[in-house]
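The structure under discussion appears below in the form of structure tokens.
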Amino acid sequence: MSKNKQKNCLRRVYLFLFLFKMVAEVMNMREEQKQPSLKRFFRKRWVFPAIYLSCAALIVAGALWFQADKQENAGENDVAKNGTAEQENPAIPVNEAVENIAMPVLDPNAVQVKTPFYDEKASEQEQEAALVFYDHTYHPNQGIDLVRQDGKTFDVTAALSGTVTKAEKDPILGYVVEINHEQGVTTVYQSLADVKVEAGDTVKQGEVLGKAGQSEFNKQAGIHVHFEIRKDGKPVNPIDYVDKPLTALTDKAEDNAGTDNANASEEKKATPSDETAPTQDNTANETEQTPADENTTAPNDDQQDQHDDASSYKTPDASIGMARA
Numbered sequence: 162m163s164k165n166k167q168k169n170c171l172r173r174v175y176l177f178l179f180l181f182k183m184v185a186e187v188m189n190m191r192e193e194q195k196q197p198s199l200k201r202f203f204r205k206r207w208v209f210p211a212i213y214l215s216c217a218a219l220i221v222a223g224a225l226w227f228q229a230d231k232q233e234n235a236g237e238n239d240v241a242k243n244g245t246a247e248q249e250n251p252a253i254p255v256n257e258a259v260e261n262i263a264m265p266v267l268d269p270n271a272v273q274v275k276t277p278f279y280d281e282k283a284s285e286q287e288q289e290a291a292l293v294f295y296d297h298t299y300h301p302n303q304g305i306d307l308v309r310q311d312g313k314t315f316d317v318t319a320a321l322s323g324t325v326t327k328a329e330k331d332p333i334l335g336y337v338v339e340i341n342h343e344q345g346v347t348t349v350y351q352s353l354a355d356v357k358v359e360a361g362d363t364v365k366q367g368e369v370l371g372k373a374g375q376s377e378f379n380k381q382a383g384i385h386v387h388f389e390i391r392k393d394g395k396p397v398n399p400i401d402y403v404d405k406p407l408t409a410l411t412d413k414a415e416d417n418a419g420t421d422n423a424n425a426s427e428e429k430k431a432t433p434s435d436e437t438a439p440t441q442d443n444t445a446n447e448t449e450q451t452p453a454d455e456n457t458t459a460p461n462d463d464q465q466d467q468h469d470d471a472s473s474y475k476t477p478d479a480s481i482g483m484a485r486a
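Per this note's numbering, residue 162 is the first one in the sequence shown, and the count goes up by one each step.
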């Protein structure tokens with residue numbers, strides 16, 4: 162029992178004892194009226210009404226006091242229940258301000274794009290500009306290569322806050338840093354001359370990761386930083402999402418998924434469910450139209466080598482990581 166409840170109980174006991182004593186005093190006064198000294202006092206008309214009114218006032222005051230104490234206890238119970246409910250259902254903190262994706266440099270105006278992102282939907286000229294030649298093979302650029310206009314090195318910074326998952330030197334790509342962010346987004350920084358972070362570090366947006374340097378993979382770019390943005394492991398064009406929040410990447414991924422599902426449904430409707438087997442007549446006709454094996458000549462070795470060389474130059478590799486010797 163709390164101290165407040167103990168005090169209230171004692172007050173009620175004292176009140177009832179006081180009322181009981183007052184009634185007893187009144188009864189004693191009636192008995193003492195027989196005494197000559199008190200007869201004159203109680204003969205006055207206002208004595209007994211005053212005593213009765215005083216008792217009534219005390220009773221009313223006690224009732225009001227009891228009612229107020231009851232309401233106070235009810236309020237305490239409500240507060241206790243509300244406190245328990247708040248503990249069971251803790252308040253959800255307000256989300257922090259969403260960061261916009263930034264260029265991985267301190268001064269975006271001091272750099273320019275040397276090699277753009279390879280976009281399959283771009284024009285042939287734009288695609289050629291986004292190819293990187295390494296080890297006798299053209300590779301599609303999975304990000305963008307940034308250089309200073311004066312060709313000097315510069316600080317490379319985190320495009321978003323996150324956790325460093327990789328910070329190591331690669332013999333072909335230079336120093337590489339990878340940072341994981343929310344909603345399945347990863348940023349990659351390659352061709353660094355050095356690094357100032359380690360795997361497991363938590364970095365803030367704009368924090369310096371290292372200096373821009375050179376790489377064996379893209380010597381033509383000179384001193385640069387290769388910057389990638391990946392959504393669920395798939396590279397996207399960083400230029401399309403600079404100064405935009407992570408939700409832009411999520412919305413784009415959902416739109417692409419919806420488009421792919423719609424195309425798959427249309428292809429399924431266009432494909433007949435039951436395929437009819439070819440008849441014997443059609444089989445015979447196909448046999449007649451097929452040239453004999455004797456007339457079919459296999460390509461010689463020189464033609465095959467020319468075809469392979471052409472394919473290697475025209476078809477870009479699908480992953481920069483596979484370009485290593």
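Yeah, the Cβ is synthetic: ideal placement off N, Cα and C, and Gly gets one too.
| Query | Result |
| --- | --- |
| Inside the segment 288 to 314 only - beta strand (DSSP E) runs reaching at least 3 residues | 292 to 295, 298 to 301, 305 to 309 |
| Environment of glycine 323 [buried if 16+ CB atoms lie within 10 Å] | buried |
| Touch test, the segment 323 to 335 against the segment 347 to 355, Cβ-Cβ under 8 angstroms, three pairs minimum | yes |
| Beta-bridge partners of phenylalanine 388, as assigned by DSSP | Ile305, Tyr350 |
| Those runs of the beta strand (DSSP E) which lie wholly inside the segment 337 to 383 and span at least 3 residues | 346 to 356, 369 to 373 |
| Segment contact, 8 angstroms Cβ cut-off, at least three pairs: the segment 279 to 290 with the segment 359 to 372 | no |
| For aspartate 306 and alanine 382, believed in contact at Cβ under 8 angstroms, the rounded distance | 5 angstroms |
| Expected contact under 8 angstroms - CB spacing of threonine 348 and glutamate 389 to nearest Å | 7 angstroms |
| Residue of Lys313, Pro277, Lys405 minimising C-alpha distance to asparagine 398 | Pro277 |
| Coarse secondary structure for alanine 328, derived from DSSP in three states | strand |
| Proximity below 7 angstroms, CB of leucine 267 to CB of valine 346 | no |
| Residue burial classification, serine 434 (beta-carbon count within 10 angstroms, cutoff 16) | Model confidence at serine 434 stands at a pLDDT of 46, short of 50, so the residue's coordinates are unreliable; what they give is reported in the following sentence. Exposed. |
| Three-way DSSP call (helix, strand, coil) for aspartate 316 in this model | strand |
| Endpoints, the beta strand (DSSP E) within which proline 396 is located | 395 to 397 |
| Range covered by the beta strand (DSSP E) that runs through valine 272 | 272 to 276 |
| Member of Phe227, Val274, Ile212 whose CA lies at the smallest distance from the CA of isoleucine 400 | Val274 |
| Bridge partner(s) assigned by DSSP for proline 406 | Asn261 |
| Assumed close pair threonine 318, proline 269 - CB separation to whole angstroms, cut-off 8 angstroms | Wrong, their Cβ atoms sit about 10 angstroms apart, outside the cutoff. |
| Local Cβ density within 10 Å of histidine 385, reported as buried at 16 or more and exposed below that | buried |
| Buried/exposed call for glutamine 303, threshold 16 Cβ in 10 Å | buried |
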